[in-house]
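Asker: Got a structure for you, written out below as structure tokens; questions coming shortly.
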Amino acid sequence: MRDEAVAAVVTGTGSAGLADPVWENARRTPEAVLFVRPDPDPRAWPTDRSPVGGAARPVTCREFRDEVLAVARGLVAAGVNAGDRVALMSRTRYEWTLVDYALWSIGAVTVPIYDTSSPDQVAWILADSQAVACVVETAAHAATVTGLRADLPALRHLWQIDAGDLIGLAGRGAAVDPEAVAARRCTVGGDDTATIVYTSGTTGRPKGCVLTHRNILLDVGNAVAVLPDLFRPGACTVLFLPLAHAFARLVQVGVVQVGATMVHSAELTGALDQLRRHRPTFVLAVPRVFEKLHDRARQRAAEQGRGRLFALAERVAVRYSRELDTDAGPGPALRLAHRLLDVVVYRRLRAVLGGRCRLAIIGGAPLGAESAHFFRGAGITVLEGYGLTETSPALTVNRPTALRIGTVGRPLPGVRIAVAADGEVLARGAVVFRGYWRNPGATRDAFTPDGWLRTGDLGSLDDDGFLWITGRKKEIIVTASGKNVAPAPIEDQIRAHPLVSQCVLVGDGRPYVAALITVDPQEWPRWLARRGRPQVPVAELRDDPELRAEIQTAVDRANRSVSRAEAVKTFRVLARDLTEADGELTPTLKVRREVVLNRYAADIEALYSGR
Numbered sequence: 003m004r005d006e007a008v009a010a011v012v013t014g015t016g017s018a019g020l021a022d023p024v025w026e027n028a029r030r031t032p033e034a035v036l037f038v039r040p041d042p043d044p045r046a047w048p049t050d051r052s053p054v055g056g057a058a059r060p061v062t063c064r065e066f067r068d069e070v071l072a073v074a075r076g077l078v079a080a081g082v083n084a085g086d087r088v089a090l091m092s093r094t095r096y097e098w099t100l101v102d103y104a105l106w107s108i109g110a111v112t113v114p115i116y117d118t119s120s121p122d123q124v125a126w127i128l129a130d131s132q133a134v135a136c137v138v139e140t141a142a143h144a145a146t147v148t149g150l151r152a153d154l155p156a157l158r159h160l161w162q163i164d165a166g167d168l169i170g171l172a173g174r175g176a177a178v179d180p181e182a183v184a185a186r187r188c189t190v191g192g193d194d195t196a197t198i199v200y201t202s203g204t205t206g207r208p209k210g211c212v213l214t215h216r217n218i219l220l221d222v223g224n225a226v227a228v229l230p231d232l233f234r235p236g237a238c239t240v241l242f243l244p245l246a247h248a249f250a251r252l253v254q255v256g257v258v259q260v261g262a263t264m265v266h267s268a269e270l271t272g273a274l275d276q277l278r279r280h281r282p283t284f285v286l287a288v289p290r291v292f293e294k295l296h297d298r299a300r301q302r303a304a305e306q307g308r309g310r311l312f313a314l315a316e317r318v319a320v321r322y323s324r325e326l327d328t329d330a331g332p333g334p335a336l337r338l339a340h341r342l343l344d345v346v347v348y349r350r351l352r353a354v355l356g357g358r359c360r361l362a363i364i365g366g367a368p369l370g371a372e373s374a375h376f377f378r379g380a381g382i383t384v385l386e387g388y389g390l391t392e393t394s395p396a397l398t399v400n401r402p403t404a405l406r407i408g409t410v411g412r413p414l415p416g417v418r419i420a421v422a423a424d425g426e427v428l429a430r431g432a433v434v435f436r437g438y439w440r441n442p443g444a445t446r447d448a449f450t451p452d453g454w455l456r457t458g459d460l461g462s463l464d465d466d467g468f469l470w471i472t473g474r475k476k477e478i479i480v481t482a483s484g485k486n487v488a489p490a491p492i493e494d495q496i497r498a499h500p501l502v503s504q505c506v507l508v509g510d511g512r513p514y515v516a517a518l519i520t521v522d523p524q525e526w527p528r529w530l531a532r533r534g535r536p537q538v539p540v541a542e543l544r545d546d547p548e549l550r551a552e553i554q555t556a557v558d559r560a561n562r563s564v565s566r567a568e569a570v571k572t573f574r575v576l577a578r579d580l581t582e583a584d585g586e587l588t589p590t591l592k593v594r595r596e597v598v599l600n601r602y603a604a605d606i607e608a609l610y611s612g613r
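Shown next, in the form of structure tokens:
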């Protein structure tokens, strides 16, 4: 069994808790800005420095410590004990982080819930975790939880951020001696549970991953050690991914650990405005964000009559990036072309991200190699990483000094990666979780007899220790002829076309591989306009020859990278895009394959019946 390990840089943390850096930052750099609250609502959390006209407000290390302490005292007054589970259901906003650290400072356990979760999902998580309290953001969230309370005997408190309940909670805590919080914080140890994160999952009921303070501190500490250009004092990021996801949570903890600055941005739709306004030095995103950024830049260039120039810039950026990986590096002519295009194209692209961003972390799914080379050639190095909720979450990452595009990097310090005989990626190390909450059967199934965590992903390790992910073990398609097909690489290539939003390969037990494809709802009106066609829904043109010909170009390109047995023989355009609201995507935009296969069974049959 091939394996790769990197010695840990950060070890120990036996007596440390996640909240300790909050107090250390306030002591060491009290006036340093730790967070920026864009357009805060003073009803949610008041301040003596309330913004004028909805302007963003900085929160210093001292202020954050004081506000964490205030909420923590309120939690103590409300009877929240060490080890108690408290659910947190909200979009990404300052109060999410405030409550998270307040809970950690008294030894309580945060149970994140996605703000888009259905009532059934909320009911399951609250009941399974036996949460004693729940903090929600909106009146709608509060109504959902209120409607479930009859079946939640453990739930004693419900606090709504937008109703000012955190203010009331802090007021209630004024009678609690601050030393009571200090005493609780000092008793928190590395082996104590910090959070139970329920996997959003592409199949089945969510399972609660139990993560300790040590799990998270070691993962973050070793990530900080190998990514010093990202996590450092003076660095800044705008976080618009949901904090309920372990990937975004890692960045939150990393920012607090090093005293960098984080801007909470609740809406992905307003992310570009926040990026231009706050000029981050690095960003965190799922691949779809960068794919769409690339598509929009290409489209804007075409609308401005600069389409050919942008196409040239794309080719030069990709070639320049590829040449960086050679011994000789880019030649003089290529370097000159790159410098000229930087002035007229690449700088404009970087300006969309605020102009200072030169590094990005991608997780959750793979970014196509062509896109990664394009962005690096344009001056934004995209570092792909890999991990699971069960691993706190990061296992591997590319570094600026050790980058291999197409891989998810080398193991983080303290992590050991192996590839089993059947191709499954296995992991072990101090970042691996202790097990699933109240689910010993699932915990047993998650590990091999000799203690390796089964990731469920397929991959390989190259001679330099870089990990290549090739697909999901449970998602492998086996055609009627016995050919094994990993759908993810082909789907990613088809999805790279600007008009394509989602692609789901099918063909299990069938004579050939086919695909379900959805059209990007933002690109669709522009595609019609460029052809002088009336604005109609995709459903009316899903079999249109011109539309099919356009998508066929993406399919043909993907097919050139695989064998004939793996190639997509035909496809069907679905009437609408897949959505999280309809249960077809996870909150991090992964396709729930089982849901899609069941919901679109008739469309799949049509692919093989010729209808």
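Using this note's numbering, the first residue of the sequence shown is number 3, and each one after it goes up by one.
Where is the CB? At the ideal position from N, CA and C, for every residue including glycine.
The model shown is predicted, which means the values in this text are computed figures rather than measured ones.
1. To the nearest angstrom, how far is it from the Cα of residue 363 to the Cα of residue 231?
2. Are the CB atoms of residue 227 and residue 415 nearer to each other than 8 Å?
3. Would you call the region 59-70 in contact with the region 290-306, where contact means no fewer than 3 C-beta pairs closer than 8 Å?
4. Helix, strand or coil, according to DSSP, for residue 400 in the structure here?
5. Could you check the C-alpha separation between residue 529 and residue 501 for me, to the nearest Å?
6. Entirely within the region 309-360 and at least 4 residues each: give me those alpha helix (DSSP H) ranges in chain order.
7. Is the number of C-beta pairs between the region 333-343 and the region 278-288 that are closer than 8 Å three or more?
8. At which residues does the alpha helix (DSSP H) containing residue 98 begin and terminate?
9. Compare the Cα-Cα distances from residue 194 to each of 521, 87, 506 and 44 and report the closest residue.
10. Assuming contact is defined by CB atoms lying nearer than 8 Å, are residue 605 and residue 518 in contact in what I supplied?
11. Flag this pair as yes or no: are the beta carbons of residue 690 and residue 24 separated by less than 8 Å?
12. Between which two residues does the beta strand (DSSP E) containing residue 439 stretch?
13. Shortest alpha-carbon distance to residue 117 belongs to which of 111, 95 and 105?
14. Are there 16 or more other CB atoms within 10 angstroms of the CB of residue 162, so buried, or fewer, so exposed?
15. Anyone know if the C-beta pair for residue 224 and residue 421 falls short of 8 Å?
16. Identify whether residue 171 lies in helix, strand or coil by the three-state DSSP scheme.
17. Taking the alpha-carbon positions, what's the residue 2 to residue 611 distance?
18. What's the C-alpha gap between residue 299 and residue 373?
19. Determine contact between the region 452-472 and the region 398-411, defined as no fewer than three beta-carbon pairs at a distance below 8 Å.
20. In chain order, which continuous runs of the alpha helix (DSSP H) of length 4 or greater are located wholly inside the region 110-194?
21. If you draw a straight line from the C-alpha of residue 609 to the C-alpha of residue 516, how long is it?
22. Would you report the Cα separation of residue 476 and residue 458, rounded to the nearest angstrom?
23. Could you give the distance in angstroms between the alpha-carbon of residue 2 and the alpha-carbon of residue 596?
24. With DSSP as the reference, please indicate the residues paired to residue 486 in a beta bridge.
25. First and last residue of the alpha helix (DSSP H) that includes residue 388?
26. Which of the three DSSP states, helix, strand or coil, is assigned to residue 37?
27. Among the residues of its own chain, which have a CB less than 7 Å from the CB of residue 510, if the five just before and after it don't count?
28. First and last residue of the beta strand (DSSP E) that includes residue 511?
29. Quick check on residue 537: buried or exposed, where buried means 16 or more other Cβ atoms within 10 Å of its Cβ?
30. Would you identify the three-state DSSP class for residue 196, choosing helix, strand or coil?
Answerer: To lay it out plainly:
1. Position 361 of the sequence shown, counting from 1, holds the residue named residue 363. Position 229 of the sequence shown, counting from 1, holds the residue named residue 231. Rounded to the nearest whole angstrom, the CA to CA distance from residue 363 to residue 231 is 12 Å.
2. On the sequence shown, residue 227 is found 225 positions in, with the first residue counted as 1. On the sequence shown, residue 415 is found 413 positions in, with the first residue counted as 1. Result yes, Cβ atoms of residue 227 and residue 415 sit closer than 8 Å.
3. No, the region 59-70 is not in contact with the region 290-306.
4. Sequence index remark: in the sequence shown, residue 400 carries index 398 (1-based). Secondary structure at residue 400: coil, using DSSP grouped into helix, strand and coil.
5. Translated into the one-based positions of the sequence shown, residue 529 becomes position 527. Translated into the one-based positions of the sequence shown, residue 501 becomes position 499. A direct Cα-Cα distance of roughly 8 Å separates residue 529 from residue 501.
6. The alpha helix (DSSP H) runs lying completely inside the region 309-360 and spanning 4 residues or more are 309-326, 334-343 and 349-354, given in chain order.
7. Segments in contact, no.
8. Taking the first residue of the sequence shown as 1, we reach residue 98 at position 96. Looking at the DSSP string, the run of the alpha helix (DSSP H) that includes residue 98 is 96-107.
9. The residue you call residue 194 lines up with position 192 of the sequence shown. It is 87.
10. Numbered from 1 along the sequence shown, position 603 holds the residue referred to as residue 605. Numbered from 1 along the sequence shown, position 516 holds the residue referred to as residue 518. Against a cut-off of 8 Å, the Cβ pair of residue 518 and residue 605 comes out as a contact.
11. Not covered by the structure: residue 690. The range shown for the chain is 3 to 613.
12. Numbered from 1 along the sequence shown, position 437 holds the residue referred to as residue 439. That residue, residue 439, is in no beta strand (DSSP E); it is neither H nor E in DSSP.
13. Along the sequence shown, one-based indexing puts residue 117 at 115. From the listed residues 111, 95 and 105, the smallest Cα separation to residue 117 is found for 95.
14. If you number the sequence shown from 1, residue 162 lands on position 160. Buried, because 16 or more other Cβ atoms sit within 10 Å of the Cβ of residue 162.
15. Taking the sequence shown and counting its residues from 1, one reaches residue 224 at position 222. Taking the sequence shown and counting its residues from 1, one reaches residue 421 at position 419. The Cβ atoms of residue 224 and residue 421 do not sit closer than 8 Å to each other.
16. To locate residue 171, count along the sequence shown from 1; it is residue 169. Helix at residue 171.
17. Because the chain in this structure spans residues 3 to 613, residue 2 falls outside the shown range and cannot be described.
18. Looking up residue 299 in the sequence shown gives position 297. Looking up residue 373 in the sequence shown gives position 371. Taking the straight line from one Cα to the other gives about 13 Å.
19. With the cut-off at 8 Å, the region 452-472 and the region 398-411 touch.
20. Correct list: 121-131, 141-148, 167-174 and 180-189.
21. As a position in the sequence shown, residue 609 is number 607, starting the count at 1. As a position in the sequence shown, residue 516 is number 514, starting the count at 1. Approximately 7 Å, taken between the alpha carbons.
22. Looking up residue 476 in the sequence shown gives position 474. Looking up residue 458 in the sequence shown gives position 456. Each residue's alpha carbon lies about 7 Å from the other.
23. In this structure the chain extends from 3 to 613, so residue 2 is not present and cannot be described.
24. Taking the first residue of the sequence shown as position 1, residue 486 is located at position 484. Per DSSP, the beta bridge partners of residue 486 are 480.
25. Start at 1 with the first residue of the sequence shown, and residue 388 comes out as number 386. Here residue 388 belongs to no alpha helix (DSSP H); instead the beta strand (DSSP E) covers 383-389.
26. Stepping through the sequence shown from its first residue, residue 37 is reached at position 35. Here residue 37 sits in strand by DSSP.
27. By one-based count along the sequence shown, residue 510 stands at place 508. Only 479 and 480 meet the Cβ criterion.
28. Counting from 1 along the sequence shown, the entry for residue 511 is found at position 509. Premise fails: residue 511 is in no beta strand (DSSP E) and is neither H nor E.
29. Against the sequence shown, residue 537 aligns to sequence position 535. Classification for residue 537: exposed.
30. The sequence position of residue 196 within the sequence shown is 194, counting from 1. Residue 196 falls in the strand class under three-state DSSP.
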